[in-house]
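Asker:
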Amino acid sequence: MAQLTFREAIARGIAQEMRRDESVLMIGEDIGAAGGVFKGTVGLFEEFGGIRVRDTPISEQAILGAAMGAAMTGLRPIAEIMFSDFFAVCWDIVVNEIAKSRYMTNGQMTFPLVIRSGNGGGLRFGAQHSQSVENWAMQVPGLKVVVPSNALDVIGLMAAAVRDPDPVIFLEAKALYATKMEVPDGEIVDTLGSAKVVRKGSSATIVTIGAMVPRSLAAAEELAAQGIDCTVVDVRSLIPLDTQTILREVSATGRLFTVEENPRVLGWGAEISSIVAEELFYDLDGPIVRITTPHIPLPAADALEDMAIPSVSRIVEEISRSMNG
Amino acid sequence: MAQLTFREAIARGIAQEMRRDESVLMIGEDIGAAGGVFKGTVGLFEEFGGIRVRDTPISEQAILGAAMGAAMTGLRPIAEIMFSDFFAVCWDIVVNEIAKSRYMTNGQMTFPLVIRSGNGGGLRFGAQHSQSVENWAMQVPGLKVVVPSNALDVIGLMAAAVRDPDPVIFLEAKALYATKMEVPDGEIVDTLGSAKVVRKGSSATIVTIGAMVPRSLAAAEELAAQGIDCTVVDVRSLIPLDTQTILREVSATGRLFTVEENPRVLGWGAEISSIVAEELFYDLDGPIVRITTPHIPLPAADALEDMAIPSVSRIVEEISRSMNG
Amino acid sequence: MTISSLDLDAKLGLYRSQVELRQFEKRAYDLFLENYVKGTSHLSLGQEAIAAGFAAAMREDDYTFATYRGHAHTLARGVPMTGVLAELMGRTNGLMAGKGGSMHLTSVEHGVMGSYAIIGAHLPIACGAAWSAQYRGSGQVAVCFFGDGTTNIGAFHEALNFAAIWKLPVVFVCENNLWMEYTRTSEITAVEHPAADRASAYGLESIIVDGNDVDAVFEVAKKAIDRARAGEGPSMIEAKTYRQAGHSRADPGKYRPDEEVAEWLAKDPIPMYHARLLAEGATEAQLSEIDRAVAAMVDLATEEAKAGETPGADLLMKDVWADGGSAWRN
Amino acid sequence: MTISSLDLDAKLGLYRSQVELRQFEKRAYDLFLENYVKGTSHLSLGQEAIAAGFAAAMREDDYTFATYRGHAHTLARGVPMTGVLAELMGRTNGLMAGKGGSMHLTSVEHGVMGSYAIIGAHLPIACGAAWSAQYRGSGQVAVCFFGDGTTNIGAFHEALNFAAIWKLPVVFVCENNLWMEYTRTSEITAVEHPAADRASAYGLESIIVDGNDVDAVFEVAKKAIDRARAGEGPSMIEAKTYRQAGHSRADPGKYRPDEEVAEWLAKDPIPMYHARLLAEGATEAQLSEIDRAVAAMVDLATEEAKAGETPGADLLMKDVWADGGSAWRN
Ligand SMILES: Cc1ncc(C[n+]2csc(CCOP(=O)(O)OP(=O)(O)O)c2C)c(N)n1
Ligand SMILES: Cc1ncc(C[n+]2csc(CCOP(=O)(O)OP(=O)(O)O)c2C)c(N)n1
Ligand SMILES: [Mg+2]
Ligand SMILES: [Mg+2]
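Residue numbers (my numbering), protein chains in the order written: chain A, 725 to 1049; chain B, 725 to 1049; chain C, 120 to 449; chain D, 120 to 449.
1) Give the residues from the segment 801 to 826 of chain A that approach chain C closer than 7 angstroms (Cβ to any Cβ), ordered along the chain.
2) For R483 of chain D, name the three-state secondary structure that DSSP assigns.
3) Quick check on L916 of chain A - is its C-beta less than 7 angstroms from some C-beta in chain B?
4) Please state whether DSSP places M828 of chain A in a helix, a strand or coil.
5) Ligand 2 and R731 of chain B: does the residue's C-beta get closer than 6 angstroms to at least one heavy atom of that ligand?
6) Let me check understanding here. Comparing Cα to Cα, which of C:Y134, C:R348 and C:Y254 lies closest to A412 of chain C?
7) Is DSSP giving Q137 of chain D helix, strand or coil here?
8) Can you determine whether any heavy atom of ligand 2 sits closer than 6 angstroms to the C-beta of V857 of chain A, and answer yes or no?
9) Apart from the five residues on each side of it in sequence, which residues of its chain come closer than 7 angstroms, Cβ to Cβ, to F810 of chain B?
10) Please state whether DSSP places T121 of chain C in a helix, a strand or coil.
11) Pop quiz: V870 of chain A and F894 of chain A are said to be a contact at Cβ under 8 angstroms. What is the actual Cβ separation, rounded to whole angstroms?
12) Using a C-beta to C-beta distance shorter than 7 angstroms, which residues of chain C count as neighbours of H317 of chain D?
13) For I122 of chain D and chain C, any beta-carbon pair shorter than 7 angstroms?
14) Which of the three DSSP states is assigned to D128 of chain C in this structure?
15) Name the chain D residues that come within less than 7 angstroms of T834 of chain B, Cβ to Cβ?
16) Ordered along the chain, which non-local residues of its own chain (more than five positions away) have a Cβ less than 7 angstroms from that of Y827 of chain B?
17) In terms of residues, what are the limits of the alpha helix (DSSP H) holding R346 of chain C?
18) Compute the minimum distance between the beta carbon of I782 of chain B and the heavy atoms of ligand 1, and state whether it is under 6 angstroms.
19) Along the alpha helix (DSSP H) that carries D410 of chain D, what are the first and last residues, could you check?
20) Expressed to the nearest angstrom, what Euclidean distance is found between the alpha-carbon atoms of A404 of chain D and L224 of chain D?
21) Would you verify that the beta carbon of H223 of chain C is, or is not, closer than 7 angstroms to some beta carbon of chain B?
22) Using a Cβ-based criterion (distance less than 6 angstroms to any ligand heavy atom), does W298 of chain C qualify as near ligand 3?
23) Quick one: list the residues of chain D neighbouring D890 of chain B, beta-carbon separation under 8 angstroms, in chain order.
24) Please state whether DSSP places M436 of chain C in a helix, a strand or coil.
25) The segment 1009 to 1029 of chain B: which residues have C-beta closer than 8 angstroms to a C-beta of chain C, in chain order?
26) Helix, strand or coil for C954 of chain B? Go by DSSP, reduced to three states.
27) Count the other CB atoms within 10 Å of the CB of S961 of chain B; is the residue buried (16 or more) or exposed (fewer)?
28) Any heavy atom of ligand 2 inside 6 angstroms of the beta-carbon of T1051 of chain B?
29) Which residue from A:E1041, A:R736, A:R979 and A:E985 puts its Cα closest to that of A1001 of chain B?
30) Beta carbon of V813 of chain A: closer than 6 angstroms to some heavy atom of ligand 2?
31) Do you know how far the Cα of I805 of chain A is from the Cα of Y901 of chain A?
32) Would you list the residues sitting across from F291 of chain D in a DSSP beta bridge?
33) Does the separation of the CB atoms of A897 of chain A and A935 of chain A fall below 7 angstroms?
34) From L131 of chain D to L406 of chain D, what does the alpha carbon distance come to, in whole angstroms?
35) Curious, which full-length beta strand (DSSP E) runs of at least 3 residues does the segment 205 to 263 of chain D contain?
36) When we look at the beta-carbon of A414 of chain C and count the other beta-carbons within 10 Å, is it buried (16 or more) or exposed?
Here it is as structure tokens:
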């Protein structure tokens, strides 16, 4: 066992896979000797060298194009897009090329690649460096989307993503980089598409991901004190989506709340809400409520940012209002 | 009155506004003497000249950057992105710059601009030239999103979009370009954010947009013959969203079906489903069902494309199965 | 190998290749008029020398990256005509069973790593294949074709710099046919030679070739490919040519001055090469035998393509993922 | 106007401007260490001559487009220090009431049309403002600042070509401080001078200036701006400089060789200019009076900024739309 931060877990997960498989390479801006802007790749350059852990120009289209071309010719690249907001400058390669080419070629090509990216707010970086873009990625047929919430999951899901034959968008909550936990030694490999029930309750089911998982758990503790006993489901991967676990846990409590960091309109919770509204219509005891960042760009000031992203107290408030209302 | 095609309506709507306001300019690829790849700008170059109707290089970031810079300094540009799939090569300017800058600057700037784009399938153009991206745009705080379904609405909503002080994404269903209707002479100005009830029924409410409106209407006729009498709501603008009309019409029938051309996951109907599931929970008589293109890239072959996009018969089938099941 | 080292047999091969592309595309156009080909398609009529010359200079395992205007490059690499034609017609015996269509021709088996319909996107992707070849030490080279209008999009710039700094084995080929869709590229481009005048921005040599002269194309291709294979890095070649038809199936190309079209029809690469081969010792009989053989080949491909089946629902939901399926949830 | 035409008063103004930027940013850094400034911030210490020289050459209604490293360019246009500092501190008396933050400083009133945090994005946007000025016949010029690392992204290429073909009144200024974040730009750039060596790709003259010499900067700026204003089109200027601090607040800049830092500290634009002004007839008293006055100004701004209020919920939901609100549904 070792005490590991979320950011150290990234490097450990990648190192585990790079040792195992020579076809795994990394590219990105400042990921080499500098160890990454978020220090997610510290030690990899030293262990694997500048050919396998390679700095690039500020050319996100080239980075992802390179990853795609390498993947279709037998390698398993891991590309870093420093902040997930920057997906917007290379979105074509992601949605039009990487996501569609297997289908278009009737399966002639596979794209075993991972795109890691720092995601979400909480660091007072303002509207262009704080977005939660899991809903952008979830929207695109042909992409898998992973959003881990803790160091252990980071390692296992990173390994699963690297081994997966399909393109995986791996979103690392910036707000969690410094969080720590005990992690067992040895190889860790997890499974994409498996949600985890991280708290078991009987009154309502909270479905959430990433940085909202610890907040939802804290909220559940406060709610328990009010007599509202919540199940908390950490979805972990939006695509593939473990609908079975979600449906089971929602039907057990009869109530669904989603807690989402992405802005409200067409946040990932809208899809889960629509699935539940269709498939569990007769099992719901009350309205589905989505607790989200409002539909606004994120403000920079700490006071404002804290009001925007769902906080423990807002989660408690909205759930208790709806459960008592 | 004049018989007008959808594509002619675009030029008419734009011409109406360009005559009125010298600050309205157009830019895009092949929009000048050529009249646009879809012939949506025929006659504008001749009437307004090459300075106001200007051909650009294949540089979508430059096109939208230019539109943004012009809008913030007092003009009202209309930019064309030829196929909406190409938003992916200039998405940064749309989501990170145009959509956010008013908010970030605390209202110092306004962005009265329109981005027109050919949207959707049906022309056998394959996965990179057939996407319905209304859900991409709807997801971004700070963008208005308009999707007209007929020539009359094209004129009025184009005028409203040009006059609107905020950025409007104006999505023109390619499958509708050749459709015709009678349109009154004289100035036509419509309102953003107003849905239209295009058929009144009592059994269920179909909520839809764009090229799916005529299909939903045709399906409603067939369903009526089966005794299922549907209201059809043409949403027309996804942002601002006329939730009141939707909620009213859904609560009147107790049932909601969305008919969406965009791929399933986080299609625009998911948002409407989540609103209805929360706000009309106690008024629904059955599950909300979303009829969408499956969550796949679009195939090129005519036979396959026809299977992918919701057809009249699929709409009929899914609604009647759910209403009778 | 230099131009003079090409013997007559090899040159007859280049002739045949061009004739194949020409006759194939003429047939594709006819089938389009007969409504067998749905959707769009983009012909390379007049540009065949580039595809033929490069393909002849490539090793079997080299990579081709093409655009939506990709029939010629696909066929030139040896992909059977039937698969291409059937793909245009949306049949199950198409290269991609109709799922890709005319703009996305791909045959990994023949090194055709795709045709790309978003301007500029495939330049960075070609860098990736070249990077992979470099890392694997396979000696493969990626050849990436694009148009003059493509030189003004951002991805072009990123790819060129990227290839240069990593000395990637990639050859960028700008087929300068003077036009974008309906706009003359020189009207919206800051330099005269849209590719060649920009080579120096990436530390590359400025190379221009007569794209209607297949021998000249072969020579310049061979040199750039050899250089890439030897680890000396990327090249960019601007090949001057002209598309004889409109931009796409719907376009009669009326915006072009008649004299310009006439001038370039007079420079048609195939009659030109025909005359050259006669001068270099080929016989009229040899050449017309090639024409005839190709015609038969095109006829056969047409028949086979027409006999293909219409794809069904099974194909629709197939191969989004590597497991062969499309399930995104359980 | 040429360099020699700047009289001593004007030069004292350039000195003062540089000192303002320097002292302001040192204070900003202190406030950061004291946890008054949250989030990130990017200092221009060592690069002040560029901001000062350009601002002095601009007309009041000209447009500035800056990056996240935009404090200096914002202040140099006359934006009050208090508004900038308060913005860094997330207060309601900040330029944007705390909603934008350090990376997005904007003051339309002063022609500062925004600071942009996505590499390259503002180059096309500056083209748009220039296009608007051209269409309106206002005679305004847009000046767009960016870093060396920015020359490798696609938007750079699109904007330069676009500006050139439309002869837009825009001046692109590459502040070449040798580094991206933690990577040396020369290691990932195909040419030696990332901007100047690419000017010819857009039909532009290659212009390099000592970015630490404010007189030289002023001269080259004036020339390019006059040219743009006269309708002769865009220019691109590469100004050689160095950032004395790390990339952003979190970065101690350890990756840089000590000798390199020392070499550039010796070329600090402010002491250099101080010495020049003494040589040209200014007195030590004049200059230290400026230093003192600026210090007082910074102190005052600090106090005022600290006195600003913390923004509340009303601001959170304000100004998504031009109607002042954020409603996306009824
Ligand atoms: C990003 C993007 N913008 C626009 C288009 C539409 N488009 C398709 S082909 C074309 C012209 C391309 O011209 P060129 O690069 O010269 O190639 P050519 O067609 O002449 O071979 C355009 C504008 C596109 N496919 N992708
Ligand atoms: C599209 C994009 N990619 C990456 C970044 C992260 N980033 C911010 S500053 C920077 C370095 C920029 O270097 P340069 O252009 O030289 O400007 P400098 O910071 O030196 O002033 C990078 C990579 C970004 N903001 N946007
Ligand atoms: Mg061309
Ligand atoms: Mg720099």
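Quick reminder that beta carbons are idealized off the backbone N, C-alpha and C, glycines included.
Answerer: Reading from the atomic positions:
1) D816, I817, N820, E821, S825 and R826
2) Any property of residue 483 of chain D remains undetermined from this structure, which presents chain D solely from 120 to 449.
3) The residue you call residue 916 of chain A lines up with position 192 of the first sequence. Taking Cβ atoms only, chain B never reaches closer than 7 angstroms to L916 of chain A, which makes this a no.
4) Residue 828 of chain A sits at position 104 when you count from the first residue of the first sequence. It is helical.
5) As a working mapping, residue 731 of chain B is identified with position 7 in the second sequence. No, ligand 2 has no heavy atom inside 6 angstroms of this Cβ.
6) For this step, residue 412 of chain C is matched to residue 293 along the third sequence. Minimum Cα distance to A412 of chain C is reached at C:Y134.
7) Counted from its first residue, the fourth sequence places residue 137 of chain D at position 18. Three-state result, Q137 of chain D: helix.
8) By 1-based counting over the first sequence, the position of residue 857 of chain A is 133. No, ligand 2 has no heavy atom inside 6 angstroms of this Cβ.
9) Taking the first residue of the second sequence as position 1, residue 810 of chain B is located at position 86. E784.
10) As a position in the third sequence, residue 121 of chain C is number 2, starting the count at 1. Residue confidence for T121 of chain C is low, a pLDDT of 44 falling below 50, so the modelled location carries little weight; the figure read from the coordinates is stated next. Of the three classes helix, strand and coil, the one that applies to T121 of chain C here is coil, per DSSP.
11) For this step, residue 870 of chain A is matched to residue 146 along the first sequence. For this step, residue 894 of chain A is matched to residue 170 along the first sequence. About 5 angstroms separates the CB atoms of V870 of chain A and F894 of chain A; that is less than 8 angstroms, so the two are in contact.
12) Taking the first residue of the fourth sequence as 1, we reach residue 317 of chain D at position 198. Looking at the sequence shown, residue 317 of chain D is not His but Arg. Within chain C, the residues near R317 of chain D are A320.
13) Locating residue 122 of chain D in the fourth sequence gives position 3, counting from the first residue. Because the pLDDT at I122 of chain D is just 47, under 50, the model does not fix this residue reliably, and the point stays unresolved.
14) Looking up residue 128 of chain C in the third sequence gives position 9. It is helical.
15) Within the second sequence, numbered from 1, the residue matching residue 834 of chain B stands at position 110. Against chain D, the beta carbon of T834 of chain B has neighbours under 7 angstroms at A441, listed in chain order.
16) In the second sequence, counting from the first residue as 1, residue 827 of chain B sits at position 103. Taken in chain order, the residues that qualify are G866.
17) Along the third sequence, one-based indexing puts residue 346 of chain C at 227. Counting along the chain, the alpha helix (DSSP H) containing R346 of chain C begins and ends at V333 to R348.
18) Within the second sequence, the letter at position 58 stands for residue 782 of chain B. At least one heavy atom of ligand 1 is nearer than 6 angstroms to the Cβ of I782 of chain B, so yes.
19) Start at 1 with the first residue of the fourth sequence, and residue 410 of chain D comes out as number 291. First-last of the alpha helix (DSSP H) with D410 of chain D: E403 to K425.
20) Looking up residue 404 of chain D in the fourth sequence gives position 285. Looking up residue 224 of chain D in the fourth sequence gives position 105. Their Cα atoms are separated by approximately 34 angstroms.
21) Translated into positions along the third sequence, residue 223 of chain C becomes position 104. Answer yes: the Cβ-Cβ gap between H223 of chain C and chain B drops below 7 angstroms somewhere.
22) One-based indexing of the third sequence puts residue 298 of chain C at position 179. Yes, the beta carbon of W298 of chain C sits closer than 6 angstroms to at least one heavy atom of ligand 3.
23) As a working note, residue 890 of chain B is residue 166 in the second sequence. In chain order: W440 and A441.
24) For the purposes of this step, residue 436 of chain C is taken as the residue at position 317 of the third sequence. If DSSP states are grouped into helix, strand and coil, M436 of chain C belongs with coil.
25) Those residues of the segment 1009 to 1029 of chain B that come within reach of chain C (Cβ to Cβ, closer than 8 angstroms) are P1018, H1019, I1020, P1021, P1023, A1024, A1025, D1026, A1027 and L1028.
26) Counted from its first residue, the second sequence places residue 954 of chain B at position 230. In the structure shown, C954 of chain B sits in a strand (DSSP, three-state: E or B).
27) For the purposes of this step, residue 961 of chain B is identified with residue 237 of the second sequence, where counting begins at 1. Flag for S961 of chain B reads buried.
28) The question about residue 1051 of chain B has no answer, for chain B in this structure spans 725 to 1049.
29) If you number the second sequence from 1, residue 1001 of chain B lands on position 277. Answer by Cα proximity: A:R979.
30) Sequence index remark: in the first sequence, residue 813 of chain A carries index 89 (1-based). Under cutoff, so the answer is yes.
31) Position 177 of the first sequence, counted from the first residue, corresponds to residue 901 of chain A. Position 81 of the first sequence, counted from the first residue, corresponds to residue 805 of chain A. Take the alpha-carbon of Y901 of chain A and the one of I805 of chain A: they are about 16 angstroms apart.
32) Here residue 291 of chain D is taken as the residue at index 172 of the fourth sequence, counted from 1. According to DSSP, which records beta bridges pairwise, F291 of chain D is partnered with D:C263 and D:M355.
33) Mapped onto the first sequence, residue 897 of chain A falls at position 173. Mapped onto the first sequence, residue 935 of chain A falls at position 211. It is a contact, given that the beta carbons lie within the stated cut-off.
34) One-based indexing of the fourth sequence puts residue 131 of chain D at position 12. One-based indexing of the fourth sequence puts residue 406 of chain D at position 287. Distance between the alpha carbons of L131 of chain D and L406 of chain D is about 8 angstroms.
35) 231 to 235
36) In the third sequence, the residue the question calls residue 414 of chain C occupies position 295. Around the beta carbon of A414 of chain C, a 10 Å sphere encloses fewer than 16 other beta carbons of the protein chains shown; the residue is thus reported as exposed.
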